[in-house]
Amino acid sequence: MNKPTFHTTKLAPGYDLGAFDCGEAAYNEWLTDHSVQAVEAGSSMVYLLLEGSPETDERVVGYFAICPTLVVRDGMPKPLQRKELRNGPGWLLAKLALDSSLRGDKVNQWGWQLLRVALETIMDAAELGGGQIIVVEADNPGLVGRYTRHGFIPTGGDNLRLHMKVATARAYLRSANGPEA
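Each residue of the sequence shown is one higher than the one before, counting from 393 in this note's numbering.
Below you can see the structure in the form of C-alpha coordinates.
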(Lines of atoms letter the chains of each structure in order from A; the text may use other names.)
(Lines give C-alpha, C1' and ligand atoms only; values in the text may rest on other atoms or scores of the structure.)
Protein backbone atom coordinates (compact mmCIF):
# COMPACT_ATOMS: atom_id res chain seq x y z
CA MET A 393 0.00 0.00 0.00
CA ASN A 394 1.29 3.46 -0.83
CA LYS A 395 2.12 5.87 1.95
CA PRO A 396 -0.92 8.08 2.63
CA THR A 397 -0.85 11.30 0.61
CA PHE A 398 -2.91 13.44 2.95
CA HIS A 399 -2.91 14.91 6.41
CA THR A 400 -5.59 15.61 8.97
CA THR A 401 -6.12 18.52 11.27
CA LYS A 402 -8.73 19.77 13.70
CA LEU A 403 -11.27 22.14 12.23
CA ALA A 404 -10.05 25.73 12.53
CA PRO A 405 -10.85 29.04 10.85
CA GLY A 406 -9.40 29.62 7.41
CA TYR A 407 -10.33 26.47 5.54
CA ASP A 408 -12.62 26.66 2.51
CA LEU A 409 -15.38 24.33 3.67
CA GLY A 410 -17.73 25.40 0.88
CA ALA A 411 -15.64 23.73 -1.82
CA PHE A 412 -16.16 20.28 -0.26
CA ASP A 413 -18.67 18.06 -2.08
CA CYS A 414 -19.24 14.45 -1.13
CA GLY A 415 -22.35 14.15 -3.27
CA GLU A 416 -24.67 14.12 -0.24
CA ALA A 417 -26.25 17.52 0.43
CA ALA A 418 -26.86 16.77 4.12
CA TYR A 419 -23.15 16.06 4.74
CA ASN A 420 -22.00 19.06 2.71
CA GLU A 421 -24.40 21.35 4.57
CA TRP A 422 -23.44 19.95 7.98
CA LEU A 423 -19.79 20.73 7.28
CA THR A 424 -20.42 24.27 6.01
CA ASP A 425 -23.33 25.26 8.27
CA HIS A 426 -23.00 23.29 11.52
CA SER A 427 -19.49 21.92 12.10
CA VAL A 428 -18.01 25.14 13.49
CA GLN A 429 -20.93 25.52 15.91
CA ALA A 430 -20.62 21.87 17.00
CA VAL A 431 -16.95 22.41 17.87
CA GLU A 432 -17.60 25.74 19.60
CA ALA A 433 -20.45 24.21 21.65
CA GLY A 434 -18.28 21.24 22.62
CA SER A 435 -20.78 18.75 21.23
CA SER A 436 -18.26 17.18 18.85
CA MET A 437 -14.76 17.51 17.51
CA VAL A 438 -14.36 17.80 13.76
CA TYR A 439 -11.27 16.76 11.83
CA LEU A 440 -10.52 17.66 8.23
CA LEU A 441 -8.75 15.51 5.67
CA LEU A 442 -6.63 17.91 3.64
CA GLU A 443 -4.95 17.44 0.29
CA GLY A 444 -1.79 19.50 -0.15
CA SER A 445 0.42 21.11 2.46
CA PRO A 446 0.46 24.36 4.44
CA GLU A 447 3.05 25.67 1.97
CA THR A 448 0.67 25.06 -0.94
CA ASP A 449 -3.06 25.41 -1.26
CA GLU A 450 -4.82 22.89 0.94
CA ARG A 451 -8.13 21.45 -0.16
CA VAL A 452 -10.67 19.86 2.19
CA VAL A 453 -11.29 16.39 0.75
CA GLY A 454 -12.92 14.71 3.72
CA TYR A 455 -13.96 15.10 7.31
CA PHE A 456 -15.15 13.22 10.33
CA ALA A 457 -16.76 14.20 13.60
CA ILE A 458 -16.56 12.31 16.87
CA CYS A 459 -18.16 12.79 20.26
CA PRO A 460 -18.63 10.89 23.50
CA THR A 461 -21.82 8.88 23.78
CA LEU A 462 -23.64 6.66 26.24
CA VAL A 463 -23.80 3.07 25.06
CA VAL A 464 -26.81 1.15 26.32
CA ARG A 465 -26.06 -2.56 26.70
CA ASP A 466 -29.45 -3.72 25.44
CA GLY A 467 -29.00 -1.61 22.30
CA MET A 468 -25.76 -3.33 21.30
CA PRO A 469 -25.40 -6.39 19.09
CA LYS A 470 -25.58 -9.63 21.10
CA PRO A 471 -21.89 -10.54 20.50
CA LEU A 472 -20.80 -7.32 22.23
CA GLN A 473 -23.07 -7.54 25.25
CA ARG A 474 -21.29 -8.51 28.46
CA LYS A 475 -22.61 -8.87 31.98
CA GLU A 476 -20.15 -6.33 33.38
CA LEU A 477 -21.13 -3.72 30.79
CA ARG A 478 -24.49 -2.16 31.44
CA ASN A 479 -24.65 1.40 30.28
CA GLY A 480 -21.20 2.73 29.65
CA PRO A 481 -19.08 5.29 27.88
CA GLY A 482 -18.38 5.02 24.20
CA TRP A 483 -17.53 7.11 21.17
CA LEU A 484 -19.83 8.07 18.34
CA LEU A 485 -18.38 8.44 14.87
CA ALA A 486 -21.03 11.03 14.13
CA LYS A 487 -20.01 12.02 10.60
CA LEU A 488 -17.59 10.69 8.02
CA ALA A 489 -17.56 11.99 4.45
CA LEU A 490 -15.15 11.87 1.53
CA ASP A 491 -15.11 14.24 -1.43
CA SER A 492 -16.71 12.53 -4.42
CA SER A 493 -13.64 13.33 -6.56
CA LEU A 494 -11.61 10.81 -4.51
CA ARG A 495 -14.00 7.88 -4.50
CA GLY A 496 -12.86 4.72 -6.21
CA ASP A 497 -9.13 5.46 -5.86
CA LYS A 498 -7.78 1.92 -5.46
CA VAL A 499 -4.20 3.11 -4.92
CA ASN A 500 -4.59 5.55 -2.05
CA GLN A 501 -7.86 4.14 -0.69
CA TRP A 502 -8.92 7.55 0.61
CA GLY A 503 -12.07 6.23 2.27
CA TRP A 504 -10.10 3.63 4.20
CA GLN A 505 -7.49 6.23 5.16
CA LEU A 506 -10.18 8.56 6.50
CA LEU A 507 -11.82 5.77 8.53
CA ARG A 508 -8.40 4.65 9.82
CA VAL A 509 -7.58 8.14 11.09
CA ALA A 510 -11.05 8.43 12.66
CA LEU A 511 -10.57 5.12 14.51
CA GLU A 512 -7.07 6.11 15.63
CA THR A 513 -8.43 9.42 16.93
CA ILE A 514 -11.18 7.63 18.84
CA MET A 515 -8.66 5.18 20.33
CA ASP A 516 -6.48 8.08 21.47
CA ALA A 517 -9.52 9.74 23.07
CA ALA A 518 -10.53 6.47 24.75
CA GLU A 519 -7.00 6.12 26.12
CA LEU A 520 -7.34 9.54 27.76
CA GLY A 521 -10.97 9.51 28.79
CA GLY A 522 -12.26 5.95 28.68
CA GLY A 523 -14.82 4.32 26.47
CA GLN A 524 -15.21 0.73 25.38
CA ILE A 525 -17.42 0.86 22.30
CA ILE A 526 -17.39 2.78 19.01
CA VAL A 527 -20.81 3.49 17.53
CA VAL A 528 -21.53 4.59 13.98
CA GLU A 529 -24.81 5.58 12.34
CA ALA A 530 -24.65 4.43 8.71
CA ASP A 531 -27.37 6.92 7.64
CA ASN A 532 -28.41 4.74 4.70
CA PRO A 533 -28.42 1.00 3.98
CA GLY A 534 -25.77 1.37 1.27
CA LEU A 535 -23.14 2.27 3.88
CA VAL A 536 -23.71 -0.73 6.16
CA GLY A 537 -21.56 -3.05 4.03
CA ARG A 538 -18.68 -0.59 4.07
CA TYR A 539 -18.66 -0.55 7.86
CA THR A 540 -19.17 -4.31 8.33
CA ARG A 541 -16.21 -4.89 5.98
CA HIS A 542 -14.09 -3.12 8.61
CA GLY A 543 -15.42 -5.12 11.55
CA PHE A 544 -18.44 -3.13 12.73
CA ILE A 545 -21.42 -5.22 13.81
CA PRO A 546 -25.00 -4.10 13.04
CA THR A 547 -27.44 -3.83 15.91
CA GLY A 548 -30.30 -6.30 15.66
CA GLY A 549 -33.16 -3.82 15.96
CA ASP A 550 -31.57 -0.90 14.11
CA ASN A 551 -29.51 -2.18 11.21
CA LEU A 552 -28.14 1.30 10.44
CA ARG A 553 -26.47 1.53 13.87
CA LEU A 554 -23.25 -0.42 14.11
CA HIS A 555 -20.83 -1.08 16.97
CA MET A 556 -17.22 -2.12 17.45
CA LYS A 557 -15.20 -2.57 20.63
CA VAL A 558 -12.33 -0.12 20.98
CA ALA A 559 -10.05 -3.11 21.62
CA THR A 560 -11.25 -4.72 18.38
CA ALA A 561 -10.52 -1.51 16.46
CA ARG A 562 -7.03 -1.40 17.96
CA ALA A 563 -6.31 -5.01 16.94
CA TYR A 564 -7.83 -4.48 13.50
CA LEU A 565 -5.65 -1.46 12.79
CA ARG A 566 -2.52 -3.27 13.98
CA SER A 567 -3.18 -6.18 11.64
CA ALA A 568 -4.68 -4.40 8.64
CA ASN A 569 -3.15 -2.39 5.88
CA GLY A 570 -6.62 -1.64 4.63
CA PRO A 571 -9.33 -3.60 2.90
CA GLU A 572 -8.63 -5.69 -0.16
CA ALA A 573 -9.17 -3.67 -3.31
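Glycine is no exception: its CB is placed at the ideal position from the N, C-alpha and C atoms.
Enclosing beta strand (DSSP E) for residue i [first to last residue]
i: T400; result: 399 to 402
Residue i versus residue j - alpha carbon distance
i: L582; j: G434; result: Here the chain has residues from 393 to 573 only, and residue 582 is not among them.
i: K557; j: A530; result: 17 Å
i: T401; j: T560; result: 25 Å
i: N532; j: G406; result: 31 Å
i: A486; j: V463; result: 14 Å
i: D449; j: G543; result: 35 Å
Environment of residue i [buried if 16+ CB atoms lie within 10 Å]
i: Q501; result: buried
i: L520; result: exposed
i: A417; result: exposed
i: A489; result: buried
i: V453; result: buried
i: A411; result: exposed
Boundaries (first-last residue) of the alpha helix (DSSP H) holding residue i
i: R451; result: That residue, R451, is in no alpha helix (DSSP H); its beta strand (DSSP E) goes 451 to 464.
i: L506; result: 502 to 521
i: R562; result: 558 to 567
i: Q429; result: 427 to 433
Residues sharing a beta bridge with residue i, DSSP
i: L440; result: T401, Y455
i: N479; result: V464
i: R553; result: E529
Three or more beta-carbon pairs under 8 Å between the stretch 513 to 526 and the stretch 477 to 488, yes or no? Taking 8 Å as the limit for Cβ pairs, the verdict is that the stretch 477 to 488 does touch the stretch 513 to 526.
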